[in-house]
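What follows is a set of notes on a single structure, which appears directly below.
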Amino acid sequence: MKHTTQNTPPSMRVPTHWTPEQALAALECLHAMREAIWALYGPQAQQAWRDQLMPDRGPLDFDPDLPF
Numbered sequence: 006m007k008h009t010t011q012n013t014p015p016s017m018r019v020p021t022h023w024t025p026e027q028a029l030a031a032l033e034c035l036h037a038m039r040e041a042i043w044a045l046y047g048p049q050a051q052q053a054w055r056d057q058l059m060p061d062r063g064p065l066d067f068d069p070d071l072p073f
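In the working numbering, the protein residues as written are 6 to 73.
Here it is in structure tokens:
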């Protein structure tokens, strides 16, 4: 299988010469790191993600006389 990295930023390029076992080892390492980070920062990371997706714009305008 041909792997292309031409559109991948240099900081994210993965070696194309790895064996399947090496690729699996890297994935297992990333999975373990993700679990450790989630255990320490899960709620804070979720809030940071929410803040990026929906920045605080203050309360919505509310007019009780408008129909639902």
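Glycine included, each C-beta is placed from N, C-alpha and C at the ideal position. From a predicted model like this one, the values you see are computed outputs, not experimental measurements.
Linking A50 to R18 through their CA atoms gives a straight-line distance of about 25 Å. Non-local C-beta neighbours of E40 in its own chain, meaning closer than 8 Å and more than five positions away in sequence, are absent. Between the alpha carbons of E33 and Q27 lies a distance of about 10 Å. Cα atoms of P15 and T21: separation of roughly 13 Å, rounded to the nearest angstrom.
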